[in-house]
Structure formats: structure tokens, C-alpha cells
Amino acid sequence: MPTRRDFIYVATGMVGAVGAAAALWPFIDQMRPDADVRAAGLPIDVDLSAIEPGGTIIVTWRSNPYFVRHLTEEEIASASELTEGDMKDYAPVDGRIAAAEESANPEWVIVSATCTHLGCVPNTVDNAPEGWFCPCHGSVFDMTGRILRGPAPINLPLPPYVFADATTLVVGTDQA
Ligand code: FES
Numbered sequence: 001m002p003t004r005r006d007f008i009y010v011a012t013g014m015v016g017a018v019g020a021a022a023a024l025w026p027f028i029d030q031m032r033p034d035a036d037v038r039a040a041g042l043p044i045d046v047d048l049s050a051i052e053p054g055g056t057i058i059v060t061w062r063s064n065p066y067f068v069r070h071l072t073e074e075e076i077a078s079a080s081e082l083t084e085g086d087m088k089d090y091a092p093v094d095g096r097i098a099a100a101e102e103s104a105n106p107e108w109v110i111v112s113a114t115c116t117h118l119g120c121v122p123n124t125v126d127n128a129p130e131g132w133f134c135p136c137h138g139s140v141f142d143m144t145g146r147i148l149r150g151p152a153p154i155n156l157p158l159p160p161y162v163f164a165d166a167t168t169l170v171v172g173t174d175q176a
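Here UniProt numbering is used: the first residue of the sequence shown is 1, the next is one more, and so on.
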């Protein structure tokens, strides 16, 4: 017949087992593929509805940051005025500005946020009113990511993307 002492031993053992399992859980949990990791490489949906002209968000695809910029009319005009002689890595502006689905107005730039010199993240500040300025070594890109000045050798790359509808951008695929 179980004694009171037996009950205490069993209860103590159960508490120990639960404690051990709880301690083990973080290790087991870390071995499960995280949702972000599982999603890495898959296309991502980006809601454009809240990005006013002049606004930028940074999205992450395949662990790399990308700018999604809603260009103003002035920015489009400024980028369109640049000539081949202004650029180190000439690319026509048409291929770098996109129109959302159902829109006739090319006004979106989706471009890598990683400087092609040594990998810093450029920003928009007074140093480069025409576009992106990399604070690390002073590279200046136009608003579509074309290198104008500084040590960066090539333009900011464009990811594959499509517009699913008027306010949804899909980064990571060029298949509609
Ligand atoms: S990392 Fe951007 S200029 Fe050097």
C-alpha cells in the first residue's frame, strides 16, 4: 500500500520531469523551422495603399532589404532629365519606374536598399536631393537607384516583382 512518503517521491519526480521538459522545450523549439525562415525566398505581398507620394517603406525579401518608393511628380521629372553622361552605369529610366496594376502612371520604384559599394543602406537626406545617399562613403544614386557619384560601381539592383492589383505589390516573382 502506498505510503505518504511514496506519494511525496512520486509528486517530486513528476515536478522534476515537467521541469526538465520545460527546460528542453526552447531547444526543441529552436530546431523547428521558423515561419520567417520557411517563408524565405517566397514572394511577399506589399500593401501600397498607405504610401503617399514621397513615401518609402523598406521590405525584406530573401533576408535583403528593398526600398518601395512612391515617387512624386518632381522626382519622376528629375530622374527623367538625367542623361547617360550623368551616370556611371547607364540604364534608361523607363525600366526602373513601374505603374501599379490598372494605373497608367509609372510612379513606383522597387529597388535594393543595399549599396553596391560595400553594402550599407542608403537614405534620403539633404546630401542627395536627387535621390539616395549612402552615408558610408558618399555614393549618390538617383531616385530610381542609378549610381551618379561616389565609389559604388553599379546601380542598385531591381528585384523581380509584379502588381497583383492597384494596391498590392508582390516582390519576389515576375509571374502575375
Ligand atoms: S557602402 Fe555605400 S558608398 Fe561605400
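The C-beta atom is built at its ideal place from N, Cα and C for all residues, glycine as well.
None of these values were measured; they are calculated from a predicted model.
Can you look up G138 in the DSSP assignment and give me helix, strand or coil? As a working note, residue 138 is residue 138 in the sequence shown. Note: G138 maps to coil in three-state DSSP.
Would you kindly check if the distance between the Cβ of I110 and the Cβ of L169 is under 8 Å? Mapped onto the sequence shown, residue 169 falls at position 169. Mapped onto the sequence shown, residue 110 falls at position 110. Yes, these two residues count as a Cβ contact at 8 Å.
If distances are taken between C-alpha atoms only, which option among H137, A166, V121, P151 comes closest to I57? Translated into positions along the sequence shown, residue 57 becomes position 57. With distances taken between Cα atoms, I57 lies closest to V121.
For D174, count neighbouring Cβ atoms within 10 angstroms of its own Cβ and tell me buried if that reaches 16, exposed if not. Residue 174 sits at position 174 when you count from the first residue of the sequence shown. Label assigned to D174: exposed.
Going along the chain, which residues put their C-beta within less than 5 Å of some heavy atom in the ligand FES? What you get when you keep residues with a C-beta closer than 5 Å to any heavy atom of the ligand FES is C115, H117, L118, C120, C134, C136, H137, S139.
Is DSSP giving D86 helix, strand or coil here? Taking the sequence shown and counting its residues from 1, the one referred to as residue 86 is at position 86. D86: helix per DSSP, three-state reduction.
With DSSP as the reference, label A77 as helix, strand or coil. Indexing the sequence shown from 1 puts residue 77 at position 77. Of the three classes helix, strand and coil, the one that applies to A77 here is helix, per DSSP.
Using only CA atoms, which one of E74, R146, C115 lies nearest to K88? Residue numbering aside, residue 88 sits at position 88 when the sequence shown is read from its first letter. K88 has its Cα closest to that of R146, out of E74, R146, C115.
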